[in-house]
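Right, one structure below, let's go through it.
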Amino acid sequence: MIIDFHTHFYTQAYLNELERGSARAQLVRAQDGTQRIQLDGDYSLIDPAHVQVAPILAVMAQHQVTHQLLTFSIPGLQVEEPAQGVRLAQLVNDEFAAVVQQHPTQLSALAALPLQDPTAATMELDRAVTQLGLRGGQLFSNINGNTLDDKVFWPLYARAAELDVPLFIHPISPPYIENMRNYRMAPMMGFMFDTALAAAHLVFSGVMQSFPKLKIVLGNLGGAIPYLAGRMDRAFAAYPESQGVLAQAPSVYLKRMYYESAGMPDAGALQLALDFAGVDQMMFGSDFPQQIGDVPSSIALIQSLPLAPDAKAKVLGGNAAKLLHLP
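So that you can map any letter, position 7 of the sequence shown is 6 in numbering that gives the first Met the number 0, and since no number is skipped, the others follow by simple counting.
Given below as structure tokens:
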């Protein structure tokens, strides 16, 4: 069983809204016919698999992927005006649910959330899970520059814990993007730094301690977290400013988080994350159909690791099936 935890789907209804010009994010058509969504200097190319099910199922069959989790992609809905964000979230999640209903054994989805309005986001997570059958919700590594430890988001964490569903933190361009404009360094490196900062904020603020049943999934192996966890523990021991409310070292809470492997084609990095978090916290992800995504090499990387067959089975699909409550 192979479950791809990190894939992207925009939905046609969302693209139609962008084409009408009713959103901040822009849909741009190039002369060669390709489309891209762009905002604030970053962009995402539109692949047919971002909006159509047939190419998704074809790639799944080609690479023996059993199940694929659909999630929304950058720039997210939090960039819109609050009322527009709520409306678009409902539109996207309704279409997610319709797509999943047509292919329930092969597809599931996480809810897109209007995170610029945390109360509405909490209500939409509840609706998406309890009424639409979606498997959790998606966060971004910062919400219009606000960090995820902001108290306004704590009711969302509480509800996710009550519903026993995961919240997946996908990276997004950090607020300090100005020195990353060249060479596409924002998605190359900025995403990784911002994911690590998001995880650190959730730990040091006490979010993970306050909600012990909260299930947080970090994209791209948690960015720099496996590499920096030891330094975070040392800072906790050395700096009074780092101790705050925590009863245990930061790594204790970081090891409760889940780590998925998309976009990290390096066996050493994957092994480091496994050594840090453990086999039970690791999941396969491909980033399909993003430019940087690569389904076959991502699977091959996990299969190449010196792990027992049952451990590989957990990473490739077993852990995700359990986390998502897949039947």
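Glycine included, each C-beta is placed from N, C-alpha and C at the ideal position. Since the structure is predicted, the reported quantities are computational estimates derived from the model, not experimental observations.
The DSSP-derived three-state label of ASN15 is helix. As computed with DSSP, LEU69 is found in a beta bridge with THR6 and ALA108. MET281 has TYR258 as its beta-bridge partners, per DSSP.
For ARG86, the secondary structure class from DSSP, reduced to helix, strand or coil, is helix. About 5 Å separates the beta carbon of ALA272 from that of TYR258, a gap short enough to meet the 8 Å contact definition. Counting other Cβ atoms within 10 Å of its Cβ, THR6 reaches 16 or more and is therefore classed as buried.
Shown here, PHE287 sits in a strand according to DSSP, grouped into three states. In the three-state scheme derived from DSSP, where H, G and I count as helix and E and B as strand, GLN270 is classed as helix. The three-state secondary structure of HIS102, taken from DSSP, is coil. C-alpha of GLN115 to C-alpha of THR121: approximately 11 Å in a straight line.
Restricting attention to MET184, PRO173, PHE192 and LEU220, the CA atom closest to the CA of PHE275 is found in LEU220. In this structure, PRO117 and LEU155 form a Cβ contact; the two beta carbons are roughly 6 Å apart against a cut-off of 8 Å.
For the options MET207, ILE1, LEU133 and ASP46, the alpha carbon positioned closest to that of GLN11 is the one of ASP46. Distance between PHE95 and LEU109, taken at the CA atoms: about 8 Å. Fewer than three Cβ pairs drawn from the region 282-293 and the region 233-244 lie within less than 8 Å of each other, which leaves the two stretches out of contact. In the DSSP annotation of this structure, VAL206 is not part of any beta strand (DSSP E); the continuous alpha helix (DSSP H) holding it starts and ends at 206-209. For SER43, the beta-bridge partners assigned by DSSP are ILE36. ILE215: member of the beta strand (DSSP E) spanning 214-217, first to last residue. Per the coordinates, the alpha-carbon of ARG180 lies some 39 Å from the alpha-carbon of ASP163. Approximately 12 Å separates the beta-carbon atoms of ALA195 and LEU147; this is outside 8 Å, ruling out the contact. Only residues of its own chain outside the window of five on either side were considered, and among them PRO54, ILE55 and PRO288 have a CB closer than 6 Å to the CB of ALA48, listed in chain order. Residue pairing from DSSP places VAL27 in a beta bridge opposite ARG35.
Cβ neighbours of LEU44 within its own chain (closer than 7 Å, five residues either side excluded): THR33, ARG35 and GLN290. Spatial neighbours of TYR252 in its own chain (CB-CB distance under 7 Å, excluding positions within 5 residues in sequence) are listed in chain order as VAL202, MET207 and GLN208. Around the beta-carbon of SER296, fewer than 16 other beta-carbon atoms lie within 10 Å, marking it exposed. Nearest Cα to ALA310 within the set LEU323, PRO326, MET281 and VAL294: MET281. The beta carbon of ILE142 sits closer than 6 Å to the beta carbons of GLN77 and LEU114 from its chain, once the five residues preceding and following it are set aside; these are given in chain order. For the 8 Å CB-CB criterion, LEU124 and ARG158 form a contact.
Assignment of beta-bridge partners to GLY136 by DSSP yields ALA110 and LEU166. In the DSSP assignment, TYR252 falls within the alpha helix (DSSP H) that extends over 249-253. The criterion of a C-beta distance shorter than 8 Å is not satisfied by VAL58 and LEU14.
Per DSSP, the beta bridge partners of ASN145 are ILE142. The three-state secondary structure of ASP232, taken from DSSP, is helix.
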